[in-house]
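To start, the structure under review is shown below, and the notes come after it.
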Amino acid sequence: MIAVDAENRECRRARDDAAVVRPVLEGWDRRRAGRVLGELALMLSPLVPYQLLAMLPDSPAPAIAHGRAILALERSWGLAVEQTLVEATAARPTLLAVAHVYYEVGHFAGVVLAALLVAAAAPARWPVLRTAFVVTTLLGLVVFVLDPTAPPNLLPGTVFATLPTRNPPDPFAAMPSEHVAWTVWALTAVLVAAAALRRKRHGVLATVAVVLAVVHLGLTVLVILATGHHYVLDAAAGVLALAGGLAPAVLGHRLLRRCAR
Numbered sequence: 001m002i003a004v005d006a007e008n009r010e011c012r013r014a015r016d017d018a019a020v021v022r023p024v025l026e027g028w029d030r031r032r033a034g035r036v037l038g039e040l041a042l043m044l045s046p047l048v049p050y051q052l053l054a055m056l057p058d059s060p061a062p063a064i065a066h067g068r069a070i071l072a073l074e075r076s077w078g079l080a081v082e083q084t085l086v087e088a089t090a091a092r093p094t095l096l097a098v099a100h101v102y103y104e105v106g107h108f109a110g111v112v113l114a115a116l117l118v119a120a121a122a123p124a125r126w127p128v129l130r131t132a133f134v135v136t137t138l139l140g141l142v143v144f145v146l147d148p149t150a151p152p153n154l155l156p157g158t159v160f161a162t163l164p165t166r167n168p169p170d171p172f173a174a175m176p177s178e179h180v181a182w183t184v185w186a187l188t189a190v191l192v193a194a195a196a197l198r199r200k201r202h203g204v205l206a207t208v209a210v211v212l213a214v215v216h217l218g219l220t221v222l223v224i225l226a227t228g229h230h231y232v233l234d235a236a237a238g239v240l241a242l243a244g245g246l247a248p249a250v251l252g253h254r255l256l257r258r259c260a261r
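With our numbering, letter number 124 in the sequence shown gets 124, and the count goes up by one each step, no holes.
This is how it looks when you write it as C-alpha cells:
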C-alpha cells in the first residue's frame, strides 16, 4: 500500500510539472517556429554592417587612447577591478577556457532562449522587444564608428595584453558592451514573459526563468571583465544602450497603436 501511495504521488507530481511546462509549448507549430526564426534573423541583421565595418582599415591609435582614458577614469573612481579579475582568471587555465566559451556563445544563447519564451508566453509583447533589440544594437554600432574604444586586452604594455585569447578582439568596439546590452535585453524579455506566466498561474516556471536570467547577467558581466574584453564602464554603457533602444521602441509602438485606432 505504501509503495502504491508513493507511486501515485510521483504520478501527480509529474502531471503538475507537465502542467507548468505545457503553456510554453501550447500552440507551437511549424508556422510559429518559422516566424520566430524570421524574427531572430531580423534581430541579428545589424551584425552584417558590423562585420563590414570591422573589415575597414583604420588606425587603432584613437581607440587605444580612449581605452587608456577609460581605465584611468575608472582608477580615479575606484572602479578598476578588471586587472584583479584578469589575473585571477589567468592563473586558472580551465576557468579561463570556460570564460572564453561563455563570452563567445552565452549572449547569443540568452537572446534566443528569451525570445522563444516571449514568443510562447507573451507574443503580443514581442514587437516592442524586437524593435528595442534592433535599435540597441544599431546604437552600439554608431558609437563604435564615431567614438571607437579598444578593449583592455589590446592596450600595449598592460597585463591585459598578455592574457591568451581564443579569437582576436575587435579593436574598436569595447564601448558599449553589446554583450551586456543583449543580456539585459534578455532579462527584460524574461521579466515580460514571467509576468504573463504568473497571470496564467505558472509562477514556478516564471521564477525559475527570472533567476536564470539574473544569474546569466551576473556571469556575463564577470566574463567580459575577466577575459579582458571590456571595462566596467563598458558594462554600464551597455545598460544605457538598452535603455536608449527600449524607450523609443515603447513610445513608437504606443504611437502606432494610437494612430491605428
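Cβ coordinates follow ideal geometry from the N, Cα and C atoms, glycine included.
Here the alpha carbons of Q83 and E104 stand approximately 21 Å from one another. Excluding sequence positions up to five before and after V232, its CB lies within less than 8 Å of the CB of E74, L79, A80, V81, E82, L225, all in the same chain and listed in chain order. DSSP, reduced to helix, strand and coil, places T165 outside both helices and strands of the structure shown, so it counts as coil. Boundaries of the alpha helix (DSSP H) around V214: 203–226. Close CB contacts of P156 within its chain, under the 8 Å cut and outside five residues either way in sequence, are with I64 (chain order). Going by beta carbons, A132 and W185 fall inside the 8 Å limit.
DSSP, read as helix, strand or coil, puts A150 in coil. L116 and A161 have their C-alpha atoms some 38 Å from each other. DSSP, reduced to helix, strand and coil, places A241 within a helical segment of the structure shown. With a cut-off of 8 Å on Cβ pairs, the segment 186–196 is in contact with the segment 212–225, counting three or more such pairs. Contact annotation: G238 and P151 have beta-carbon atoms that are not nearer than 8 Å. In the structure shown, the three-state DSSP call for A122 is coil. A173 is bridged by DSSP to T149.
Counting the other CB atoms within 10 Å of its CB gives P169 a total of 16 or more, which places it among the buried residues.
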